[in-house]
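**Student:**
Residue numbers (the working numbering): 121 to 432.
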């Protein structure tokens, strides 16, 4: 798993001073000089500063870095969205982080994403509650933080924590030899399933259309007609929903290249493409209850069910 820029270790217990200076300069340019994110990114790349995996900075990667409360020695409660102190070293002050949050979505001229439009990566039911096995869905906390929540038992995890963790593991797996070939095989299976679903939808549609003649000739009652139509309509709805899902995966363009290329692809790929890759790699993502109060790390709560035994 890539370390967080500015820190030496995964536990965030030691600061890398050279990167801290870069981070502080970037924040100063945003908050004091009032430069835009594209301007700051251009400065960072021109100076030769690179991310922890060697890739150039983008407005997206800089935005995600600056949105991580760990850079200010903070963490966000996944249930309330409130910030709290962690006691770990910080790259910037809490006040600076809160100023960055206030500027988020506006420094580069892009309007903030509306709450109802948050693009949840696991909107197709891939995430499962590890407590009661129910599907988790996108749901905002009382503080407005995008999260995944089990409607049955209430377990919640912030969308950023879950999606970043799964994304890191997906990128690590994509960099392994043979993974692309395995994904292509899985994609072909989705294409076969999609073709079968189209035939089923065509057959169901014909069956529903065929109900009119027996009714018109008095061979079936209206009650029988309505019941049959409702059953067929429900099957059609299920088939069409599944078809949309399989087509997204079957038609997705798979990433190629080395680690830097994969990271760059992940940062800029359409949401549907990332969702397709995740669905091909993982059979299920299970979110477990926190073992103790204060446990916020996704790594401690998330179980990844890979589609192949060789993966991860």
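A virtual CB, placed ideally from N, CA and C, is assigned to each residue, including glycine.
If you draw a straight line from the C-alpha of residue 386 to the C-alpha of residue 336, how long is it?
**Tutor:** In the chain shown, residue 386 corresponds to position 266, counting from 1. In the chain shown, residue 336 corresponds to position 216, counting from 1. For residue 386 and residue 336, the distance between alpha carbons rounds to 56 Å.
**Student:** Give the secondary structure of residue 169 by DSSP, where H, G and I count as helix, E and B as strand, and everything else as coil.
**Tutor:** For the purposes of this step, residue 169 is taken as residue 49 along the chain shown, with counting starting at 1. Coil.
**Student:** When burial is assigned at 16 or more other CB atoms within 10 Å of the CB, is residue 247 buried or exposed?
**Tutor:** Within the chain shown, residue 247 is the residue found at index 127, counting from 1. Result: buried.
**Student:** Name the one or two DSSP bridge partners that residue 266 has.
**Tutor:** For this step, residue 266 is matched to residue 146 along the chain shown. Residue 266 is bridged to 260.
**Student:** When you compare only the Cα positions, how much space is there between residue 130 and residue 171?
**Tutor:** Position 10 of the chain shown, counting from 1, holds the residue named residue 130. Position 51 of the chain shown, counting from 1, holds the residue named residue 171. Their Cα atoms are separated by approximately 15 Å.
**Student:** Using the beta-carbon count (16 or more within 10 Å), is residue 388 buried or exposed?
**Tutor:** Within the chain shown, residue 388 is the residue found at index 268, counting from 1. Looking at its Cβ environment, which holds fewer than 16 other Cβ atoms inside 10 Å, residue 388 is exposed.
**Student:** In the DSSP assignment, find the alpha helix (DSSP H) that holds residue 177 and state where it starts and stops.
**Tutor:** For the purposes of this step, residue 177 is taken as the residue at position 57 of the chain shown. Segment: none, residue 177 is in no alpha helix (DSSP H) and carries neither H nor E.
**Student:** As a quick exercise: from 352, 344, 418 and 342, pick the residue whose alpha carbon is nearest that of residue 329.
**Tutor:** To locate residue 329, count along the chain shown from 1; it is residue 209. Among 352, 344, 418 and 342, the Cα nearest to that of residue 329 belongs to 352.
**Student:** Please classify residue 212: does DSSP put it in a helix, a strand, or coil?
**Tutor:** What you label residue 212 is simply residue 92 of the chain shown in a count that begins at 1. Annotated three-state conformation of residue 212 is coil, per DSSP.
**Student:** Is the beta carbon of residue 369 less than 7 Å from the beta carbon of residue 396?
**Tutor:** As a working mapping, residue 369 is identified with position 249 in the chain shown. As a working mapping, residue 396 is identified with position 276 in the chain shown. At a Cβ-Cβ threshold of 7 Å, residue 369 and residue 396 count as neighbours.
**Student:** According to the Cβ coordinates, are residue 265 and residue 193 closer than 7 Å?
**Tutor:** Within the chain shown, the letter at position 145 stands for residue 265. Within the chain shown, the letter at position 73 stands for residue 193. Cβ distance not < 7 Å, so residue 265 and residue 193 don't count as in contact.
**Student:** Tell me residue 203's beta-bridge partners as DSSP assigns them.
**Tutor:** On the chain shown, position 83 is the one that residue 203 refers to. Answer is 196.
**Student:** If you draw a straight line from the C-alpha of residue 398 to the C-alpha of residue 163, how long is it?
**Tutor:** On the chain shown, residue 398 is found 278 positions in, with the first residue counted as 1. On the chain shown, residue 163 is found 43 positions in, with the first residue counted as 1. Those two C-alpha atoms are separated by around 33 Å.
**Student:** Can you list, in chain order, the residues of its chain with a C-beta nearer than 6 Å to that of residue 334? Leave out the 5 residues immediately preceding and following it.
**Tutor:** Locating residue 334 in the chain shown gives position 214, where the first residue counts as 1. Closer than 6 Å at Cβ, skipping near neighbours: 340.
**Student:** Please work out which residues of its chain come closer than 7 Å, Cβ to Cβ, to residue 183, disregarding the five sequence neighbours upstream and downstream, and give them in chain order.
**Tutor:** By one-based count along the chain shown, residue 183 stands at place 63. Excluding sequence neighbours, residue 183 sits near 157.
**Student:** May I have a chain-ordered list of the alpha helix (DSSP H) segments no shorter than 4 residues that lie completely inside the region 275–361?
**Tutor:** 279–294, 299–329 and 332–336
**Student:** Are the CB atoms of residue 220 and residue 186 within a distance shorter than 7 Å?
**Tutor:** Start at 1 with the first residue of the chain shown, and residue 186 comes out as number 66. Start at 1 with the first residue of the chain shown, and residue 220 comes out as number 100. Cβ atoms of residue 186 and residue 220: closer than 7 Å.
**Student:** Would residue 348 and residue 321 be called neighbours here (beta carbons separated by less than 7 Å)?
**Tutor:** Sequence index remark: in the chain shown, residue 348 carries index 228 (1-based). Sequence index remark: in the chain shown, residue 321 carries index 201 (1-based). Against a cut-off of 7 Å, the Cβ pair of residue 321 and residue 348 comes out as no contact.
**Student:** For residue 326 and residue 288, I'd like the C-alpha separation in whole angstroms.
**Tutor:** Here residue 326 refers to the residue found at position 206 of the chain shown. Here residue 288 refers to the residue found at position 168 of the chain shown. Whole-angstrom Cα-Cα distance: 46 Å.
**Student:** Measuring alpha carbon to alpha carbon, tell me which residue in 296, 260, 136 and 278 is nearest residue 410.
**Tutor:** The residue given as residue 410 occupies position 290 in the chain shown. Cα-wise, what sits closest to residue 410 is 278.
**Student:** Closest by CA to residue 293, which one among 137, 149, 379 and 128?
**Tutor:** As a working note, residue 293 is residue 173 in the chain shown. It is 379 whose Cα lies nearest to the Cα of residue 293.
**Student:** Which residues in the same chain have their Cβ closer than 7 Å to the Cβ of residue 213, if we skip the five residues on either side of it in sequence?
**Tutor:** Position 93 of the chain shown, counted from the first residue, corresponds to residue 213. Result list for residue 213: 192, in chain order.
**Student:** So residue 423 is in the beta strand (DSSP E); what residue range does that whole segment cover?
**Tutor:** Position 303 of the chain shown, counted from the start, is the residue given in the question as residue 423. Residue 423 -> beta strand (DSSP E) spans 422–426.
**Student:** What's the C-alpha gap between residue 257 and residue 271?
**Tutor:** As a working note, residue 257 is residue 137 in the chain shown. As a working note, residue 271 is residue 151 in the chain shown. Rounded to whole angstroms, residue 257 to residue 271 spans 8 Å at the Cα level.
**Student:** Which first and last residues belong to the beta strand (DSSP E) in which residue 248 is found?
**Tutor:** Looking up residue 248 in the chain shown gives position 128. 247–249 is the span of the beta strand (DSSP E), which, as asked, contains residue 248.
**Student:** State the start and end residues of the unbroken beta strand (DSSP E) segment that holds residue 405.
**Tutor:** Residue 405 sits at position 285 when you count from the first residue of the chain shown. Start and end: 402–407.
**Student:** Going by DSSP, which residues form a beta bridge with residue 255?
**Tutor:** Locating residue 255 in the chain shown gives position 135, where the first residue counts as 1. Looking at the DSSP assignment, residue 255 forms a beta bridge with 248.
**Student:** Please report the residue range of the alpha helix (DSSP H) in which residue 131 lies.
**Tutor:** Taking the first residue of the chain shown as position 1, residue 131 is located at position 11. Here residue 131 belongs to no alpha helix (DSSP H), and DSSP marks it neither H nor E.
**Student:** Given that a residue counts as buried once 16 or more other Cβ atoms are within 10 Å of its Cβ, and exposed if not, what is residue 307?
**Tutor:** By 1-based counting over the chain shown, the position of residue 307 is 187. Counting Cβ neighbours within 10 Å, residue 307 comes out buried, since at least 16 surround it.
**Student:** Taking the alpha-carbon positions, what's the residue 148 to residue 124 distance?
**Tutor:** Numbered from 1 along the chain shown, position 28 holds the residue referred to as residue 148. Numbered from 1 along the chain shown, position 4 holds the residue referred to as residue 124. One C-alpha to the other measures close to 20 Å.
**Student:** Please report the straight-line C-alpha distance between residue 159 and residue 178, rounded to a whole angstrom.
**Tutor:** Indexing the chain shown from 1 puts residue 159 at position 39. Indexing the chain shown from 1 puts residue 178 at position 58. Each residue's Cα considered, the two are about 10 Å apart.
**Student:** Relative to the C-alpha of residue 181, which candidate in 421, 384 and 374 has its C-alpha closest?
**Tutor:** Taking the first residue of the chain shown as position 1, residue 181 is located at position 61. The candidate whose alpha carbon is nearest that of residue 181 is 384.
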